Amino acid sequence: MLFAPDHTALHRGSSDGLHPSRRTWLQYAGSGALSWALGLPTTAHAATPTQALILCYHRFADTVADSMTVRKTTFADHIKVLQDLGAHIIPLADLVAFRQGKLDKLPPRAVVITADDGHRTVVETMAPMIVPTRWPVTLFIYPSAISNASYAMRWEHLTQLQATGQFDVQSHTYWHPNLVKERKQQSPADFERFARMQLQKSKSVLEARLNKPISYLAWPFGLYDDGLMELATQLGYQASLALGNKACTDSDPIQALPRHLMVDEVSGRRLQQLIQAAFPA
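For what it's worth, the working numbering labels the leading residue of the sequence shown as 2, then goes sequentially.
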């Protein structure tokens, strides 16, 4: 049965279920990644009205084996908090349309749910829990892993998720490189070719495989620079998502919309605090 919960076991890939790049996420992103997830918006950020709060998930499991895994019990707490606080879960497309002036307003307490990387636990664990809510979710996928890496979903999984009408697949580059690090290590010409390939090939492969337009990008490790934002625009991405300890406001560039990293340490209570701080009564 599609999206039937598996309460006995979860796929863990090879020894730990992680792509090498995911094991070193905190090395790339820095020790501030966890504080992003646990912190509250600063006073400076709170002075600008929130447009939406964007949540970024990765993997799900019964127990926590790494920094990017959220336990099923924690995710259940998140769902309950969002419901109890009357959050309006909106598609990423609505937030982008609002930023582009194509949508007059967003609902109060607008929240966007995203999940990066295409880990199998998205279809095995997240989907059975989120489908009953009818909430939209944006999945950011790097297609080199799909139907290839042991930890990743298969193309048929993405097709099935899309068929629910709730899951929208978008780009996470082709193989999830640290683009800022690559810029430092390559010549300007080589990096231009490399970055263009990562953004363009991901877009074209996903569009061909899923028969849908790919309009949004999530920066690997949340890392970007001005040149990369310009390249994303040139290649037809309407918006890109990063990371950061803040809600999305009109001061954020559309090619670097901030997200809150959802790790297991973000309890239901902490998520409640994040929402209440972002949307003060």
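Where a beta carbon is used, it is the ideal one built from N, C-alpha and C, also for glycine.
Quick caveat: nothing in here was measured; it's all calculated off a predicted structure.
> If you count every other CB in all the chains shown that lies within 10 Å of the CB of Asn-149, and 16 or more means buried, which is it?
Replying inline: It is exposed - the Cβ of Asn-149 has fewer than 16 other Cβ atoms within 10 Å.
>> Bridge partners for Gln-171 per DSSP, in chain order?
In response: Per DSSP, Phe-141.
> Taking contact to mean at least 3 C-beta pairs separated by less than 8 Å, is the region 135-150 in contact with the region 98-106?
Replying inline: They do not touch, by the three-pair rule.
> DSSP three-state call for Val-264: helix, strand or coil?
Replying inline: Reduced to three states, the DSSP call for Val-264 is coil.
> Nearest-angstrom Cα distance between Tyr-217 and Pro-254?
Replying inline: Pro-254 has its alpha-carbon roughly 14 Å from the corresponding atom of Tyr-217.
> Fully enclosed by the region 80-147, which beta strand (DSSP E) runs are 3 residues long or longer?
Replying inline: You should have 111-117, 138-142.
> Measuring CA to CA, which of Gly-228, His-120, Thr-160 is closest to Glu-183?
Replying inline: The shortest C-alpha separation from Glu-183 is found at Gly-228.
> What residues in its chain sit with their C-beta under 7 Å from that of Leu-83, if we drop five residues either side in the sequence?
Replying inline: Cβ within range, chain order: Ile-90, Val-112.
>> Using only CA atoms, which one of Ala-190, Leu-242, Pro-133, Gly-237 lies nearest to Ala-53?
In response: If we check each option's Cα against that of Ala-53, Leu-242 comes out closest.
> Quick one: what's got a C-beta closer than 7 Å to Ala-257's C-beta in the same chain, skipping five residues either side?
Replying inline: Cβ neighbours of Ala-257 beyond the five flanking positions: Tyr-225, Met-230, Ser-241, Ala-243.
>> Suppose you measure from the CA of Leu-232 to the CA of Arg-197; what does that come to, to the nearest Å?
In response: Each residue's alpha carbon lies about 7 Å from the other.
> What separation, rounded to the nearest whole angstrom, lies between the Cα atoms of Tyr-175 and Ser-145?
Replying inline: Those two C-alpha atoms are separated by around 6 Å.
> Who does Ile-55 pair with in a DSSP beta bridge?
Replying inline: BP columns for Ile-55 point to Val-113.
> If Phe-192 sits next to Ser-172, beta carbons under 8 Å apart, how far is it from one beta carbon to the other, in whole angstroms?
Replying inline: With a Cβ gap of about 19 Å, Phe-192 and Ser-172 do not count as contacting.
>> Please classify Asn-212 as buried or exposed, where buried requires at least 16 other C-beta atoms within 10 Å of its C-beta.
In response: It is exposed - the Cβ of Asn-212 has fewer than 16 other Cβ atoms within 10 Å.
> What are the partner residues of Ser-241, as DSSP defines its beta bridges?
Replying inline: Paired residue(s): Leu-218.
> Between which two residues does the alpha helix (DSSP H) containing Phe-280 stretch?
Replying inline: Here Phe-280 belongs to no alpha helix (DSSP H), and DSSP marks it neither H nor E.
>> Would Lys-73 and Asp-85 be called neighbours here (beta carbons separated by less than 8 Å)?
In response: Note that the C-beta distance between Lys-73 and Asp-85 is not below 8 Å.
>> According to DSSP, is Thr-70 part of a helix, a strand, or is it coil?
In response: Here Thr-70 sits in strand by DSSP.
> Given that a residue counts as buried once 16 or more other Cβ atoms are within 10 Å of its Cβ, and exposed if not, what is Gly-223?
Replying inline: Buried, since its Cβ has 16 or more Cβ neighbours within 10 Å.
> What runs of the beta strand (DSSP E), each 3 residues or longer, lie entirely inside the region 179-224?
Replying inline: Whole beta strand (DSSP E) segments, 3+ residues: 217-219.
> Are there 16 or more other CB atoms within 10 angstroms of the CB of Glu-125, so buried, or fewer, so exposed?
Replying inline: Flag for Glu-125 reads buried.
> Thinking C-beta only, is Gln-235 closer than 8 Å to Val-97?
Replying inline: Contact flag unset, no.
>> I need the straight-line Cα distance from Ala-294 to Leu-162, nearest angstrom please.
In response: In this structure the chain extends from 2 to 282, so residue 294 is not present and cannot be described.
> Considering only residues of the same chain and omitting the five flanking positions on each side of Ile-276, which have a CB-CB separation below 8 Å?
Replying inline: Excluding residues within five positions, the ones whose Cβ falls inside 8 Å are Leu-54, Val-82, Leu-83, Leu-86, Ala-88, Arg-110, Val-112.
> Considering Ala-233, what are the terminal residues of the alpha helix (DSSP H) in which it resides?
Replying inline: Judged by DSSP secondary structure, Ala-233 falls within the alpha helix (DSSP H) whose first and last residues are 227-235.
> Can the beta-carbon of Asp-117 be found closer than 8 Å to that of His-79?
Replying inline: Asp-117 places its beta carbon 8 Å or farther from that of His-79.
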